[in-house]
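Undergrad: Please see the structure below; I have some questions.
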Amino acid sequence: MESNSLIGNANLLPWLVPLGPLLAFFIITLLTNRAKMVPGTSPEYADHNHPSYFGMNVGVASQASRIVTIIVGLSGIIAAWLIAWTVVGVATGNPHLGEEVYGSSFDWLATGTTALKMGVLVDPLNTIMLFMVPLACVCIFIYSIGYAASDPRQSRFFALISLFAGAMLTLVVADNLLLLFVGWEIMGLCSYLLIGFWFEKESAYKAAIKAFTTTRVADVIMLLGIVYLYSLTGTLSFREILHNPEVLKTLATTPALIFGSMSAASLIGIFLVIGTIGKSAQFPLHVWLPDAMEGPTPVSAMIHAAAMVSAGIYAVIRMYPVFAAGGDPHAGILTPPLLLMTVVGSFTALFAATIAVAQNDVKKVLAYSTISQLGFMIAALGIGAYVAAAFHLITHAFFKALLFMASGSVIHGMEHGDHHVHEHAHGHDEDDHVLLPAGAHALPAAAGSHGDVALTAEVDAHVMAGEHAGHDTHTE
């Protein structure tokens, strides 16, 4: 009876995972008082690299509302964390998790003889995401309490970052492409609003517009792939598509609607990969991510670690059977989507790392390093090393969140981001002198770090892929 109860929880609890942050967003937005407008003449409103509010009226919440905002925002993400880890504990306690998929769904919209469904699932892939995403978000939220303490728009900040976290968690637990795409788009909206949070700064609102328009181009193409997939299969459910060999075989053998020499699976895969290239900031749609550093530091940590760019890698791993349909990456037989990922990811990894070493601003260095790290993951996925890419995704999330928050603390205290000056700034904060090297040790895959383990696995996969290709050429 206890086992059945746990299985029931694993089926139903995922619905509750994103609920806490989403409720926090609505409560903070609707119930906190921000109607009081005061002249922005207080020095605290132009402090610590925040934009100057002098000469304008600023909406300021009462002290009680600010306290309620912090309590509600933090409670929402902690609730999501506890529920997510409960789901992880229940799921991993089942020795047959890899064979069974927990979840539940319901018909949402009838479309002729079929129906679009909404549902959630728990499987080995999103179990590791449910371990990482809420934990990283909790750390970022706690950091945000001190970071946004002097900002008059604190309530707006916590409302948006709660919605951001809720959207990412919705994407993670989704059991179909439609719900995944809903979370995907809400994150795009939140990134626009949070990158441009200090919209008084011209550079901030221009960066927000660039991020929104660049990712929307990729998202439209991704949506075309989703619609085409639904037109061929009559479903967007991961279980009905990815665990059905007949569906995958049909997609691999059906000629594409355009480019007839290509299979439908390849065309759909290319459309979905382009969406990922935009969301995960790969060349040539990488241009929005470095400018996204104009937003508050916790937003940078969310985008680079817990959400946004991680969503693109997760989506590729989730849909991997479609990308590989008709090919065998482990034998060196790459389909067009896999070849596209291999080429784009490999070039982006080298290209972005080269730019990073020439930057002066510490957040720009971290931004380009993120693009490079994501390039390694995309390239690894292109050759079939999806386990190594998933491990790299998790390790990258933690050390990159650490680096952004530690560097944000330094910038907050020194009021600039030039890392050449930081090198000569001794005694500012002893914690930062410990935390920054700890994160920096993992970033270049230094020996003994978890970054070393992840990158070594990906490099080994590339070597094996090269050996397969060489063997095939020699055989011919």
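Residues in the sequence shown are numbered from 5 upward in steps of one, following the numbering used here.
Just so it is clear, CB atoms sit at the ideal spot from N, CA and C, and this is done for glycine as well.
Since this is a predicted model, take the numbers as computed values, not measurements.
Which class does D127 belong to by DSSP, given the choice of helix, strand or coil?
TA: Mapped onto the sequence shown, residue 127 falls at position 123. It is coil, neither helix nor strand.
Undergrad: Within the segment 254-329, note down every full alpha helix (DSSP H) run reaching 4 residues or more, in order along the chain.
TA: Listed in chain order, the complete alpha helix (DSSP H) runs (minimum 4 residues) inside the segment 254-329 are 268-283, 292-295, 301-305, 313-322 and 324-328.
Undergrad: Are the beta-carbon atoms of P341 and G273 separated by less than 7 Å?
TA: Position 337 of the sequence shown, counting from 1, holds the residue named residue 341. Position 269 of the sequence shown, counting from 1, holds the residue named residue 273. Yes, Cβ-Cβ distance for P341 and G273 is below 7 Å.
Undergrad: Assuming G486 contacts A383 (C-beta within less than 8 Å), just tell me the rounded distance between them.
TA: Because the chain is modelled from 5 through 480, residue 486 falls outside the range shown and cannot be assessed.
Undergrad: Measuring CB to CB, does F168 end up less than 7 Å from A311?
TA: Against the sequence shown, residue 168 aligns to sequence position 164. Against the sequence shown, residue 311 aligns to sequence position 307. Contact flag set, yes.
Undergrad: K368 CB to nearest chain C CB: under 7 Å?
TA: Absent from the structure: chain C. Only one protein chain is present.
Undergrad: Thinking C-beta only, is Y106 closer than 7 Å to N15?
TA: As a first step, residue 15 is located in the sequence shown; it is residue number 11 there, counting from the start. As a first step, residue 106 is located in the sequence shown; it is residue number 102 there, counting from the start. Yes, they are a contact pair.
Undergrad: Using the three-state DSSP reduction, which class does N180 fall into: helix, strand or coil?
TA: As a first step, residue 180 is located in the sequence shown; it is residue number 176 there, counting from the start. In the structure shown, N180 sits in a strand (DSSP, three-state: E or B).
Undergrad: In the DSSP assignment, the alpha helix (DSSP H) including S69 goes from what residue to what residue?
TA: As a first step, residue 69 must be located in the sequence shown, where it is residue number 65. First-last of the alpha helix (DSSP H) with S69: Q67 to T96.
Undergrad: Please determine, among Y318, T33 and G331, the residue with the shortest C-alpha to C-alpha distance to Q158.
TA: One-based indexing of the sequence shown puts residue 158 at position 154. The residue with the shortest Cα to Cα distance from Q158 is T33.
Undergrad: Taking 7 Å as the threshold (C-beta atoms), are S195 and A215 in contact?
TA: Walking along the sequence shown from the start, residue 215 turns up at place 211. Walking along the sequence shown from the start, residue 195 turns up at place 191. Yes. Within cutoff.
Undergrad: G379 and A353: beta carbons closer than 7 Å?
TA: Within the sequence shown, numbered from 1, the residue matching residue 379 stands at position 375. Within the sequence shown, numbered from 1, the residue matching residue 353 stands at position 349. Against a cut-off of 7 Å, the Cβ pair of A353 and G379 comes out as a contact.
Undergrad: Unbroken alpha helix (DSSP H) runs of length 4 or more, entirely within the segment 180-223: which are they?
TA: Those alpha helix (DSSP H) runs which fall completely within the segment 180-223 and span 4+ residues are 181-199.
Undergrad: Between which two residues does the beta strand (DSSP E) holding A114 run?
TA: The residue you call residue 114 lines up with position 110 of the sequence shown. Unbroken beta strand (DSSP E) run through A114: Y106 to T115.
Undergrad: Assuming A360 is part of the alpha helix (DSSP H), what are its boundary residues?
TA: What you label residue 360 is simply residue 356 of the sequence shown in a count that begins at 1. Unbroken alpha helix (DSSP H) run through A360: P340 to A360.
Undergrad: Of the residues L246, T117 and L20, which one's Cα is nearest the Cα of V326?
TA: Working through the sequence shown from its first residue, we reach residue 326 at position 322. Answer by Cα proximity: L246.
Undergrad: Use the C-beta contact count for A114: other C-beta atoms within 10 angstroms, 16 or more gives buried, fewer gives exposed.
TA: For the purposes of this step, residue 114 is taken as the residue at position 110 of the sequence shown. Classification of A114: exposed, given that the 10 Å Cβ count is below 16.
Undergrad: Run the CB neighbour count on H290, radius 10 Å, all protein chains shown included, and call it buried at 16 or more, exposed below.
TA: As a working note, residue 290 is residue 286 in the sequence shown. Buried, by the Cβ-count rule.
Undergrad: Mapping DSSP to helix, strand and coil, what is T174?
TA: Counting from 1 along the sequence shown, the entry for residue 174 is found at position 170. In this structure, T174 counts as helix in the three-state DSSP scheme.
Undergrad: Is the segment 275-288 close to the segment 112-128, with three or more CB pairs under 8 Å?
TA: No, the segment 275-288 does not touch the segment 112-128.
Undergrad: Go through the segment 361-407 residue by residue and report every complete run of the alpha helix (DSSP H) that reaches 4 residues or more, in order.
TA: The qualifying runs are 366-386.
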